[in-house]
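Visitor:
2 protein chains.
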Amino acid sequence: MSLSFHIDSRDGSARTGKLITPHGEVETPVFMPVGTLASVKGTSNETLEQLNAQIILANTYHLYLRPGTEQVRKLGGLHRFMSWERALLTDSGGFQVFSLNDLRKVNEEGVSFRSHLDGASLFLSPESATEAQIALGADVIMAFDECTEYPADADRARRSMEMTLRWAKRSKEHFEAHKNEVPWRQEAGSRTQDAGGTSRLPPPASRTQALFGIVQGGMHPELRKESAERTVEIGFDGYAIGGLSVGEPRAATREMIEATLPHLPADRPRYVMGVGYPEEIVEYAAMGVDMMDCVLPTRAARHGLLFTSEGRVNIKNAAYAADQGPIDPNCSCAVCGRYTRAYLRHLYSTGEMLGQILNTIHNLAHYLDTMRRVRDAIRCGNLQAFVSGFRARLQLTPKASS
Amino acid sequence: MSLSFHIDSRDGSARTGKLITPHGEVETPVFMPVGTLASVKGTSNETLEQLNAQIILANTYHLYLRPGTEQVRKLGGLHRFMSWERALLTDSGGFQVFSLNDLRKVNEEGVSFRSHLDGASLFLSPESATEAQIALGADVIMAFDECTEYPADADRARRSMEMTLRWAKRSKEHFEAHKNEVPWRQEAGSRTQDAGGTSRLPPPASRTQALFGIVQGGMHPELRKESAERTVEIGFDGYAIGGLSVGEPRAATREMIEATLPHLPADRPRYVMGVGYPEEIVEYAAMGVDMMDCVLPTRAARHGLLFTSEGRVNIKNAAYAADQGPIDPNCSCAVCGRYTRAYLRHLYSTGEMLGQILNTIHNLAHYLDTMRRVRDAIRCGNLQAFVSGFRARLQLTPKASS
């Protein structure tokens, strides 16, 4: 395995660990901010480093369209292109292509689709999506899957799952044959600068990317189990649970995660894709999930929705026009340390870019700090108390949160 | 005088000095970034502090509309509202109201105008504009003037100038009667935190804002001279040259500055409003101007136009798609130290907010660093050599720049 993963403490089903990638260590459970187009919207690498983000995501589909994955390869890969020296993960493009609805056509070979930008005809297959991800050179890359639509009956979900399994094999075969072509393997021996200005060695030439498989199966627990077992049989560096956050109720999301986790190897990282609200990421980490990602903290920030230890704040609300308090009195982020709700409300309502920038910093800080506190609680063996306290402060009842 | 100004070196007509305001010292000649709505668009206070911006501008007209100047007063004044503990300057709103064209009506009393936002009928006079600026509480505030349109014949320019002189007297009278009402005088005795976390005393209760007069006179040198002399007769803490950057050729701008400067007291700060390109701010500083402001570096940044030591870079140009160099190899800003033209071009062409953020940092760094180098050159007595070198690197001939 090119990715090492060490579990260093457990509390119930939850665990803390370290994911050791060619571009640095990641403490798990981890929430990964999403940088769709090689930028976490509204924030800079410097800010992400200050927030202690250890891994971020980028989207293969979007980078395939602009600036082009081969262009990124020529420029030394995604780390160098975006000047991010820490760990990166790319999705395979499967989920984005799935979102195109009317613009896509799926067959055994792959997906024909039209660019959402200019309507150009394009095609992604397990082989080309894997090739694109090798060109980008993220530390963790994903098998190309079909994200089953919601709702899907058992027949449809099985057919989709079976194809995802065949695609998983093809993704792995392509990866094994081409994993030495990752751009940063060419760099070995030269020195790079990290953000702190300290010089360090690039990833050793012996390291490659890690490939994760994706479990599908719609909202059918028995298919989830089978998908997990047969994906594990193919053998990957880590396992993701896909096909969630597609419109299903939150109880179903939780049920599918519960149906899948016991069938994934305990010593490999387990990643739930595309979740969630703060109370969800806490809950899933408690269930034993190691990795999560979502556009929610950054997207909500741009729309003035802020997450706090005491619930959600809609900063455009007129009630905040003269509020001299911080977004969250319990938050230690740079925004809460300096700016008032009144000022943030002014920035939002006048459309000043700074409003989106500051909101984004706060929301990311809230998410990353929440996961840091989850890890601390697991290490101290008091995760259940932490989860209860976290939910109580949000004034959430199990009913309200489902 | 509530504002002290010390000249500490001279080179030809140029001089370096220190403007000592209730919120800190400002080294002159200075370029002041513009924070129209209490935010320098695309950047945070933290970034401005890192760039060593010592004074920034805000626009009374815009803050009068949103969130309202009385609202800012209630929230402790503009410094506290926007969490900026360094010096601030507000314009009087005269220039913005002037830009409204069809929406304004000027008479002796003041200007009736309609809000550009919702068409509401509003009125600004020397008294109300001064009152609004006292409510905002900037360290330096401006007399309410009529910005004469371009072109204006000598008759029209004289009538406009005469009214500006009468308005200057009224602005000063209102200021003298109400200057003790500035919000931060209420704070004296309590401690505030500055950005570095060090505790410091708020401005002493004995300090007030400083009021600057504005010279008008259209493009008529004899009127500029008369306006300067009669404005000085009224007596202000500093003097601005207004009514420029209104569509006139650059040679006329320069000629008006030349016609005005000799008639302003040498021991008071001299401020040219609303200029300019990098080569202009260098030139005007060499002529003896102490203060300048312009939206150009921030606005151009948002449109992908970058200023460098070797001329302008239009980052959207396809030629930069694979360019791994920094924006400006001679720039020491955080953006040039980390990001490539290829990445910045990608961010710009995909509409990522980070493109605007990073472009803004670079352009502001270029402007502020240029003025720092101007000050160094004046202190070393080699300003002429600096100016020649600066222009040569831009490949500017006197003809091309006029």
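Listed in order, the protein sequences are those of chains A and B. Taking our numbering, I'd label the letters of the first sequence as residues 20 to 421. Taking our numbering, I'd label the letters of the second sequence as residues 20 to 421. Built from N, CA and C at the ideal position, the CB exists for glycine as well. Computed from a prediction, not measured in an experiment: that's the story for all the values here.
Do you know offhand how far A/Arg-105's Cα is from A/Leu-22's?
Guide: When rounded, the distance between both Cα atoms is 14 angstroms.
Visitor: Can you tell me which of the three DSSP states A/Tyr-303 falls into?
Guide: In the structure shown, A/Tyr-303 sits in a helix (DSSP, three-state: H, G or I).
Visitor: Ignore the nearest five residues each way along the sequence and tell me which others in A/Arg-85's own chain have a CB closer than 8 angstroms to its CB.
Guide: Hits under 8 angstroms: Leu-56 and Leu-136.
Visitor: Taking only three categories from DSSP, how would you classify A/Ala-214?
Guide: Confidence is the limiting factor: at A/Ala-214 the pLDDT is only 46, short of 50, which leaves the residue's position unreliable, though a coordinate-based value still follows. In the structure shown, A/Ala-214 sits in coil (DSSP, three-state: anything other than H, G, I, E or B).
Visitor: Rank A/Phe-409, A/Leu-402, A/Arg-412 and A/Leu-383 by C-alpha distance to the C-alpha of A/Gln-69 and give the top, closest one.
Guide: With distances taken between Cα atoms, A/Gln-69 lies closest to A/Leu-383.
Visitor: Output the distance between the C-alpha atoms of A/His-42 and A/Phe-100, rounded to the nearest integer angstrom.
Guide: Going from the Cα of A/His-42 to the Cα of A/Phe-100 covers about 14 angstroms.
Visitor: Report the CB separation of A/Glu-168 from A/Val-265 in whole angstroms; it is logged as a contact under 8 angstroms.
Guide: About 7 angstroms separates the two Cβ atoms, so the contact holds.
Visitor: So, with DSSP's three-state summary, where would you put A/Pro-52?
Guide: Strand, per DSSP.
Visitor: Cβ closer than 8 angstroms: which chain B residues qualify as neighbours of A/Lys-60?
Guide: Going along chain B in sequence order, the residues near A/Lys-60 (Cβ under 8 angstroms) are Glu-371, Met-372 and Leu-373.
Visitor: So, is A/Ser-179 buried or exposed, given that buried needs 16 or more other C-beta atoms within 10 angstroms?
Guide: Under this definition A/Ser-179 is a buried residue.
Visitor: Which of helix, strand or coil does DSSP assign to A/Val-433?
Guide: Outside the displayed span of chain A (20 to 421) sits residue 433 of chain A, for which this structure offers no information.
Visitor: Roughly how many whole angstroms lie between the Cα atoms of A/Val-393 and A/Val-59?
Guide: Straight-line Cα distance between these residues: approximately 23 angstroms.
Visitor: Where does B/Phe-117 land, buried or exposed, given buried means 16+ other C-beta within 10 angstroms?
Guide: Result: buried.
Visitor: So, does the CB of B/Ala-33 fall closer than 8 angstroms to a CB anywhere in chain A?
Guide: Output row for B/Ala-33: interface = no.
Visitor: By the three-class DSSP mapping on this structure, what secondary structure does A/Gly-408 have?
Guide: Residue state, collapsed to three classes: helix.
Visitor: For A/Cys-313, which residues does DSSP report across the bridge?
Guide: Looking at the DSSP assignment, A/Cys-313 forms a beta bridge with A/Pro-52.
Visitor: For my contact list, A/Glu-165 and A/Gln-235 are in at a C-beta cut-off of 8 angstroms; report their separation, rounded to the angstrom.
Guide: Their Cβ separation, rounded to whole angstroms, is 7 angstroms, which keeps A/Glu-165 and A/Gln-235 in contact under 8 angstroms.
Visitor: When DSSP builds the beta bridges, which residues end up paired with B/Phe-132?
Guide: In the DSSP output, where bridge partners are listed per residue, B/Phe-132 has B/Arg-123 and B/Leu-141.
Visitor: At a CB distance below 9 angstroms, what residues from the region 334–350 of chain B approach chain A? Give them in sequence order.
Guide: Flagged, chain order: Ala-340, Ala-341 and Gln-343.
Visitor: What's the C-alpha gap between A/Gly-408 and A/Pro-348?
Guide: Each residue's alpha carbon lies about 16 angstroms from the other.
Visitor: In the DSSP assignment, find the beta strand (DSSP E) that holds A/Ile-74 and state where it starts and stops.
Guide: From DSSP, the beta strand (DSSP E) with A/Ile-74 extends over 74–78.
Visitor: Label A/Cys-355 either buried or exposed according to how many other C-beta atoms from any shown protein chain fall within 10 Å of its C-beta, with 16 as the threshold for buried.
Guide: With 16 or more Cβ atoms within 10 Å of its Cβ, A/Cys-355 is classed as buried.
Visitor: Using a C-beta cutoff of 8 angstroms, does A/His-365 count as contacting chain B?
Guide: For A/His-365, the answer is yes, since a Cβ of chain B falls inside 8 angstroms of its Cβ.
Visitor: Using a Cβ-Cβ cut-off of 6 angstroms (strictly less than) and excluding sequence neighbours within five positions of A/Leu-184, which residues of its own chain qualify?
Guide: Counting only Cβ-Cβ distances below 6 angstroms, and skipping sequence neighbours, we find Arg-249.
Visitor: Using a Cβ-Cβ cutoff of less than 7 angstroms, which residues in the same chain neighbour A/Gly-95 once the five nearest sequence positions on both sides are dropped?
Guide: Here the set comprises Pro-202.
Visitor: Mind reading off the beta-carbon distance from A/Ala-247 to A/Thr-279? Whole number of angstroms is fine, and I expect it under 8 angstroms.
Guide: Confirmed, Cβ separation roughly 5 angstroms.
Visitor: Leaving aside the five residues before and after B/His-98 along the sequence, list all residues of the same chain whose C-beta is less than 7 angstroms from its C-beta, in chain order.
Guide: Excluding residues within five positions, the ones whose Cβ falls inside 7 angstroms are His-42, Glu-104, Leu-107, Gly-156 and Trp-203.
Visitor: With the cut-off set at 8 angstroms, would you say B/Phe-142 and B/Val-130 are in Cβ contact?
Guide: Contact flag set, yes.
Visitor: Report the rounded CA-to-CA distance for B/Met-51 versus B/Leu-325, giving the unit in angstroms.
Guide: Going from the Cα of B/Met-51 to the Cα of B/Leu-325 covers about 18 angstroms.
Visitor: Whole angstroms is fine: what's the gap from B/Ala-319's alpha carbon to A/Lys-335's?
Guide: Spanning the two alpha carbons is a distance of roughly 29 angstroms.
Visitor: Which whole-angstrom value is the C-beta distance of A/Ile-397 and A/Arg-34, which I expect to be below 8 angstroms?
Guide: Contact holds; Cβ gap of about 7 angstroms.
Visitor: Using a beta-carbon distance below 8 angstroms, is B/Ser-134 in contact with chain A?
Guide: Not an interface residue.
Visitor: Since A/Arg-360 meets chain B, which of its residues come closer than 9 angstroms, beta carbon to beta carbon?
Guide: Per Cβ cutoff of 9 angstroms: no residues; A/Arg-360 is ~11 angstroms from chain B at best.
Visitor: Output, in chain order, the set of chain B residues within a Cβ distance shorter than 9 angstroms of A/Ile-376.
Guide: Those are Gly-61, Thr-62, Ser-63, Met-372 and Ile-376, listed as they occur along chain B.
Visitor: Can you name the residues of chain A whose CB is closer than 7 angstroms to the CB of B/Pro-240?
Guide: Residues of chain A passing the Cβ test: none, with the nearest at roughly 40 angstroms.
Visitor: With 9 angstroms as the C-beta to C-beta threshold (strictly closer), list the residues of the region 109–125 of chain B near chain A in chain order.
Guide: Under the 9 angstroms Cβ criterion, the region 109–125 of chain B contributes no residue.
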